[in-house]
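Notes follow the structure.
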Amino acid sequence: MEKISDYVLEKKIHKTKNAVTYRGYKEKDFQSVIIKLLNTLHSTPSEIAQFRQEYELIQRLDIGSVVKTIDIIHYKGGLALILEDFDGIPVKDYFRPNEKINIASFLALSANIAATLAALHARGVIHRNIKPQSLLINPETEELKITDFGISALLTHEHDEVYNPDFIRDTLTYMSPEQTGRMNRSVDYRTDLYSLGITLYEIVTGLLPFKSQDPMELIHAHIAMMPRAPVKLDAGVPAMVSDIIMRLLAKNPEARYQNGFGLQADFQECLKQWEEKKRIEPFELGRQDISNRFIVPQKLFGREKEISELISRFEEVANGDKRLSVMVVAGAPGIGKSAMINEIHKPIVARRGYFISGKYEQFRRDKPYSAIIQAFQVLVKQILSESEQRINLWKKNLLSTLGDNGRVITDVIPEVEWIIGKQPDLPVLGPEETR
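The sequence shown begins at 5 in the numbering used here and counts up one residue at a time.
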């Protein structure tokens, strides 16, 4: 059997492009462990950093329902993360497919997950990758633990941009609208509650609320579409449980639960009624859902007329108006031009449009066209998050349009090379032509 330092690899239990997970044991005392191997030959620096972050962040957390890290080891040019093994399986596998779900077990588990997220958020940690594979349960003891902290954050708010295709493939199904990077909203701890809503929806119905092989279709669904309520898919799902899940799936974070404690309280009330009466009477949701943080709503006030004009013109273009349309927003510094423009971000993306932006910095005037370059760098990254078919279509159109001048663009916007490939050098021009 293969060994890594003092650890023996026994059984492969999961594999991705850049990592393989094994169940194994420590040779000295036969302690059972989980070993995650990162192949740095195929990994980006950010993925290596995520691997280290998972180890360091969990080391700082003192929460019993978080899978503990034991060690991180350099191995064959890669890294090995050693984690505790408590014989956990993904929560989705705990509830057998095609079998009637045990409502009491589901409610108890849901309340437990909510309490775990509340504990994480109370310590300033946003998980950002909640899905069935990151929520593990021991089938015998029903002990719950959370794992996969590679992309977690210690910030209260931050902006996410979804450009890594492998990350998209693994995580986008469970990602909140704001975490897609297409809503001009910062990401806070309520993103975890949305992702939990997707997970619980899948467990209780056996179906995902949104499913597509096309990343852009999934992003559009998260931003603009509401799924059918679980109770409409399965009459055996209690209406109050269905309402809780739909509240978690609200597009606007302000309309979701505001913390895990409020969510836990509602699940506990459901469980209490179910155990007493085998039914759940209607009650007011969120009675204990009081946020312990002051968060200013990310909403613009008082610019309805201007926003309406911008959206109206976009709708005309989107509906087939062939005229090139340029609208200029002017005003003194600090008056709110950027905030107003960003307010139309969501409606544009909801119509499958591209929203890109760049900014000229007042004290950085040494780089010509910097704002335009920034904007098109964002566009390239958005294109790279689309399906392979769409990327190839962009490649074909760009190469057809640019001809032999592709290097002119890639010299200014190097990211374009990710779509059209490396371009040949341009011919050397004489002094007159260069001028």
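Don't be surprised by glycine CBs; every beta carbon is placed ideally from N, CA and C.
* Helix, strand or coil: how does DSSP classify His161 here? -> Within the sequence shown, the letter at position 157 stands for residue 161. Any reading at His161 needs caution, since the residue's pLDDT is 49, under 50, leaving its predicted position unreliable; the model's value is listed next. Note: His161 maps to coil in three-state DSSP.
* CB-CB length for Thr73 against Leu83, believed under 8 Å -> Your numbering for residue 73 matches position 69 in the sequence shown. Your numbering for residue 83 matches position 79 in the sequence shown. The C-beta distance from Thr73 to Leu83 rounds to 12 Å, too long to fall under 8 Å, and the pair is not in contact.
* Asked: For Arg27, which three-state DSSP category applies?
  -> Counting from 1 along the sequence shown, the entry for residue 27 is found at position 23. It is a strand residue.
* Have a look at Glu320 and Gln54 and give me their C-alpha separation to the nearest angstrom. => The residue you call residue 320 lines up with position 316 of the sequence shown. The residue you call residue 54 lines up with position 50 of the sequence shown. Cα to Cα, Glu320 sits roughly 43 Å from Gln54.
* Give the DSSP bridge partners of Ala259, in chain order. => Residue numbering aside, residue 259 sits at position 255 when the sequence shown is read from its first letter. When DSSP reads this structure, Ala259 sits in no beta bridge, so it has no partner.
* To do: Measure the CB-CB distance between Arg260 and Tyr198 and report whether it falls below 8 Å.
  => For the purposes of this step, residue 260 is taken as the residue at position 256 of the sequence shown. For the purposes of this step, residue 198 is taken as the residue at position 194 of the sequence shown. With respect to Tyr198, Arg260 sits close: the two C-beta atoms are nearer than 8 Å.
* Alpha carbon to alpha carbon, how far is Glu477 from Phe318? -> Only positions 5 to 439 of the chain appear in this structure, which leaves residue 477 out of reach.
* DSSP beta-bridge partners for Ala84? -> Along the sequence shown, read from residue 1 onward, the residue named residue 84 stands at position 80. Leu41 and Ile77.
* Would you mind sorting Tyr364 into buried or exposed? The rule is 16 or more other CB atoms within 10 Å of its CB. => By 1-based counting over the sequence shown, the position of residue 364 is 360. Here Tyr364 is exposed. Its C-beta has fewer than 16 other C-beta atoms within 10 Å.
* To do: Within the same chain, show all residues whose beta-carbon is closer than 6 Å to that of Glu419, passing over the 5 residues directly before and after it, in chain order.
  => Counting from 1 along the sequence shown, the entry for residue 419 is found at position 415. Cβ contact annotation for Glu419 (same chain, cutoff 6 Å, sequence separation greater than five): Gln381 and Val384, in chain order.
* Where Tyr198 falls: helix, strand or coil (DSSP) -> Looking up residue 198 in the sequence shown gives position 194. Collapsing the DSSP output to three states places Tyr198 in a helix.
* For His131, name the three-state secondary structure that DSSP assigns. => On the sequence shown, residue 131 is found 127 positions in, with the first residue counted as 1. The answer is coil: DSSP assigns His131 none of H, G, I, E or B.
* So the beta strand (DSSP E) Glu221 belongs to, where does it begin and stop? -> Counting from one through the sequence shown, the residue named residue 221 turns up at place 217. Per DSSP, Glu221 belongs to no beta strand (DSSP E); it is in the alpha helix (DSSP H), Pro219 to Ala228.
* **Euclidean distance between Cα positions of Leu148 and Asn142** => Here residue 148 is taken as the residue at index 144 of the sequence shown, counted from 1. Here residue 142 is taken as the residue at index 138 of the sequence shown, counted from 1. Put simply, the backbone Cα of Leu148 is about 7 Å away from that of Asn142.
* **Paired residues, beta bridge with Lys7 - DSSP** => As a position in the sequence shown, residue 7 is number 3, starting the count at 1. DSSP output for Lys7 lists Val12 as bridge partner(s).
* 8 Å Cβ cutoff met for Thr209 and Pro242 -> As a position in the sequence shown, residue 209 is number 205, starting the count at 1. As a position in the sequence shown, residue 242 is number 238, starting the count at 1. Thr209 is not a Cβ neighbour of Pro242, given a cutoff of 8 Å.
* **Three-state secondary structure (DSSP) of Ile141** => Taking the first residue of the sequence shown as 1, we reach residue 141 at position 137. If DSSP states are grouped into helix, strand and coil, Ile141 belongs with the strands.
* Asked: Between which two residues does the alpha helix (DSSP H) harbouring Lys21 extend?
  -> Numbered from its first residue, the sequence shown carries residue 21 at position 17. DSSP places Lys21 outside any alpha helix (DSSP H), giving it a letter other than H or E.
* **C-beta contact flag for Leu41 and Tyr59 at 8 Å** => Taking the sequence shown and counting its residues from 1, the one referred to as residue 41 is at position 37. Taking the sequence shown and counting its residues from 1, the one referred to as residue 59 is at position 55. Contact annotation: Leu41 and Tyr59 have beta-carbon atoms that are not nearer than 8 Å.
* Can you name the residues that DSSP bridges to Ser36? -> As a working note, residue 36 is residue 32 in the sequence shown. Looking at the DSSP output, Ser36 sits in a beta bridge with Tyr29.
* Can you tell me where the beta strand (DSSP E) with Ile150 in it begins and where it stops? -> The count along the sequence shown starts at 1 and reaches residue 150 at position 146. Residues Leu148 to Ile150.
* Answer with buried or exposed for Tyr373, where buried requires no fewer than 16 other C-beta atoms within 10 angstroms of its C-beta. => Within the sequence shown, residue 373 is the residue found at index 369, counting from 1. Counting Cβ neighbours within 10 Å, Tyr373 comes out exposed, since fewer than 16 surround it.
* Asked: How long is the line joining the alpha carbons of Gln183 and Ile223, rounded to whole angstroms?
  -> As a position in the sequence shown, residue 183 is number 179, starting the count at 1. As a position in the sequence shown, residue 223 is number 219, starting the count at 1. The C-alpha of Gln183 lies about 10 Å from the C-alpha of Ile223.
* Nearest to Tyr11 (by Cα), restricted to the options Lys19, Phe34, Asn22 and Ile17 -> Reading the sequence shown from its first residue, position 7 is the one you call residue 11. Looking at the Cα atoms, Phe34 is the closest of the given residues.
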